[in-house]
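Scroll down for the structure; my scribbles are underneath it.
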Amino acid sequence: MFNFLSNKFSSIFASIAGKNKLTPARVDETLGEVEQALLEADVSYAIVRELMENIRADVVGKKVFASLNPGEHLIKVVHDRLFAIMGGATATVSVSFQIPSVVMVMGLQGSGKTTTIAKIAHFIQKQALLKSKKRDVLIASVDFYRPAAIDQLEILAGQVGVAFYRSSQSDPVGAAKDIYAQFKRGQYEHLILDTAGRLHVDDRMIDELRQIDKYLSPKHKILILDAMTGQESLEVARSFEEKIGFNAAILTKMDSETRAGAAIAFRYVLNKPIMLIGTGEKHDDIEQFHPDRITKRMLGMGDLQTLLERAEEKIQAVDSEKVAKAFDSNSFTFEDFAQQMSMVDKIGSLSKIMQYLPGMGSLNITPQMLEDGETKLKKLRAIIGSMTPKERREPKILDASRKKRIAYGSGTDVDSINALLKQFEESKQFVKLLKKNGRFSRLGL
Ligand SMILES: Nc1nc2c(ncn2[C@@H]2O[C@H](COP(=O)(O)OP(=O)(O)OP(=O)(O)O)[C@@H](O)[C@H]2O)c(=O)[nH]1
Ligand SMILES: [Mg+2]
């Protein structure tokens, strides 16, 4: 997410982070780079101009935070201003849908409406499950323009385990009425309604949506915006706002090579909430929109908080003592190492995890490198699996004959085992580093 921008910012910031002195010329140069990065990230000229004016005023005018050196001060100013544009501390929308409620999902063709509906249904259920509850969700579609549209929704409903209803009506408004009757009959708690998308916002689409809106009076009207369309999505959002109105937006495809234009323009110009963001094609790939976390990701500062929450969600099965031990560098053994790896497995692929780690942007990690990493992990797991418990606890005892046995058992070779031993030592160092809480901890962000 925001790889382009976070790479740029990581390298801009890396060159000034430790500086105890910054000449006015150096400050100017750095701010010029910040400005350029934003423009290249498809943020509109007008927004960049205003943002830069504010940043420049803060850099010169604001009292330097006592604990920060000039380089860090500059980084903090850029962060604070960008954070304000993303909505500041008040812009996190709680994602709770009243019961009962109708949710109408709108957006252009291919923006991700149908996929997102399955994600929302799944999200609602996951949240309920945290409180040991279950929600009765019905999903249905009035998209009669694309032949397979309704089938697609039915398949997704099966995958996430929610009810689906297919109306026998064939005009969208009639179908909406029929679906609503089914929602009432079945006493469902939520109805999430998929609507047809077009290439442009046209009169027929608007008219149809208006009629459905009038009949259903949905509590939530959600606009789906494809983040890949950049600042153009602003026009789409504006016309929906003008002609139908909506409560919140969901930005999809944030995992792609999306620049920051769409998100920034939407927040800044429309000043409406972004409720969730889509970060992949699977139904679990959805996150709440947190301005602070998004800002940090844009600036290449990572998002450890989201990573932690994902981890907590997935590792419920692993008891917390074990987790704590796995990150205790003093008594770090292969058992912990294996434990760490199984946690990594549960949280997601390496590439997913990397997105959340601070400073990763500047490392230029390619998809190929990540793929190689995954293959390596599989091999490492096989090796550790072939060790005896004692060997895992005391890798010191691994002599030539033990290594040979393990190589045989894991279908690898002695070189791979030596490489693992080396990596194990490095991993200990990494654990120490993680404990120091990342390199931006001094900024108090
Ligand atoms: N990578 C990624 N792909 C997504 C995301 N959301 C949707 N997609 C993909 O985008 C494509 C279009 O998604 P749909 O959900 O069919 O879009 P739609 O708005 O319902 O499209 P129409 O019904 O044709 O208007 C599909 O291939 C989805 O898998 C996302 O957050 N990330
Ligand atoms: Mg669709």
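Read in order, the letters of the sequence shown correspond to residues 770 to 1214 in this note's numbering.
Glycine included, every Cβ here is placed at the ideal spot set by N, Cα and C.
Here the structure is a predicted model, which means the values were calculated and not measured.
Open item on the list: Measuring only the C-alpha atoms, how far is Lys-1191 from Pro-1164?
Closed with: In this structure, the alpha-carbon of Lys-1191 lies about 11 Å from that of Pro-1164.
Task: Cβ distance (whole Å) where Gly-1047 is taken to contact Thr-1181 below 8 Å - done: No, Gly-1047 and Thr-1181 are not in contact; Cβ-Cβ is about 39 Å, not under 8 Å.
Open item on the list: Rounded to whole angstroms, what is the Cα-Cα separation between Ala-926 and Ile-908?
Closed with: 7 Å
TODO: Determine the direct distance from the alpha carbon of Ala-1188 to that of Ser-880, and round the result to whole angstroms.
DONE: 45 Å
Task: Lys-777 versus Leu-1068 - alpha carbon distance - done: 8 Å
Open item on the list: Does the region 941–952 come into contact with the region 978–991, if we say contact requires no fewer than three beta-carbon pairs (one atom in each stretch) closer than 8 Å?
Closed with: Flag = yes, the region 941–952 and the region 978–991 touch.
TODO: Flag this pair as touching only if the region 1020–1028 and the region 960–979 have three or more C-beta atom pairs under 8 Å; answer yes or no.
DONE: no
- [ ] Return the residue from the list Phe-913, Ile-1033, Arg-1174 that minimises the CA-CA distance to Thr-964.
- [x] Per the Cα distances, Phe-913.
TODO: Look at the alpha carbon of Lys-788 and the alpha carbon of Ile-1063, and state the distance between them as a whole number of angstroms.
DONE: If you take the alpha carbons of Lys-788 and Ile-1063, they lie about 26 Å apart.
Open item on the list: In whole angstroms, give me the CA-to-CA distance for Ile-868 and Glu-958.
Closed with: 5 Å
Task: Val-812 - partner residues in DSSP beta bridges - done: Secondary-structure assignment with DSSP links Val-812 through no beta bridge to anything.
Task: One or two residues paired with Met-873 in a DSSP bridge - done: Leu-962, Lys-990
Task: Three CB pairs or more closer than 8 Å across the region 849–860 and the region 882–900 - done: no
- [ ] Quick one: residues in its chain with C-beta nearer than 8 Å to the C-beta of Val-828, no 5 flanking neighbours on either side, listed in chain order?
- [x] Val-796, Leu-800, His-842, Leu-843, Val-846
- [ ] Could you tell me whether the Cβ atoms of Lys-990 and Met-873 are closer together than 7 Å?
- [x] yes
Open item on the list: Given the structure, does Thr-964 come close to ligand 2, in the sense that its CB is under 6 Å from one of the ligand's heavy atoms?
Closed with: no
Task: Simplified DSSP state of Tyr-934, which is helix, strand or coil - done: Correct three-state label for Tyr-934: strand.
Task: Cα-Cα separation, Met-997 to Arg-935 - done: 31 Å
TODO: Ignore the nearest five residues each way along the sequence and tell me which others in Ile-961's own chain have a CB closer than 7 Å to its CB.
DONE: Val-872, Val-874, Ile-886, Ile-889, Ala-890, Val-906, Ile-908
Task: Terminal residues of the alpha helix (DSSP H) in which Ser-1008 lies - done: In the DSSP assignment, Ser-1008 falls within the alpha helix (DSSP H) that extends over 1002–1012.
Task: Buried versus exposed, by CB contacts within 10 Å (16 or more), Asn-1206 - done: Summary for Asn-1206: the model assigns pLDDT 46, below 50, so the residue's position carries little reliability; its value from the coordinates is reported in the next sentence. Taking every protein chain shown into account, the CB of Asn-1206 has fewer than 16 other CB atoms within 10 angstroms, so this residue is exposed.
Open item on the list: Which same chain residues end up closer than 6 Å to Thr-1027 when comparing Cβ atoms and leaving out the 5 residues on each side of it in sequence?
Closed with: Ala-996, Met-997
TODO: Compute the Euclidean distance between the alpha carbons of Ala-783 and Pro-839, then round it to the nearest angstrom.
DONE: 13 Å
Task: C-alpha distance - Met-1156 paired with Ile-1175, whole-angstrom precision - done: 6 Å
Task: Cβ-Cβ distance between Phe-892 and Ile-1055 below 7 Å - done: Yes; because the gap between Cβ atoms is below 7 Å, this pair is in contact.
Open item on the list: The alpha helix (DSSP H) that contains Ser-910, what's its start and end?
Closed with: Segment 906–910 is the beta strand (DSSP E) holding Ser-910; no alpha helix (DSSP H) there.
Task: Candidates Lys-882, Thr-792, Tyr-1177, of which the one nearest Val-911 by Cα - done: Lys-882
Open item on the list: Per the DSSP calculation, Glu-1056 is bridged to which residue(s)?
Closed with: Ile-1046
TODO: Please determine, among Gly-955, Arg-915, Glu-1140, Phe-933, the residue with the shortest C-alpha to C-alpha distance to Ser-939.
DONE: Arg-915
- [ ] Could you pull out every residue in the same chain whose Cβ sits closer than 7 Å to the Cβ of Ile-919, ignoring the five residues on either side in sequence?
- [x] Excluding positions up to five away in sequence, the list reads Ser-910, Asp-912, Arg-935.
Task: Thr-1064 (DSSP reduced to helix, strand or coil) - done: helix
Task: Beta-carbon proximity list for Ala-1086, same chain, < 7 Å, skipping 5 on both sides - done: With a pLDDT of 41 at Ala-1086, under the threshold of 50, the modelled position of that residue is not reliable, and the figure given next carries that caveat. Closer than 7 Å at Cβ, skipping near neighbours: no residue.
- [ ] Using DSSP bridges, identify the partner residues of Ile-1019.
- [x] Ile-993, Leu-1045
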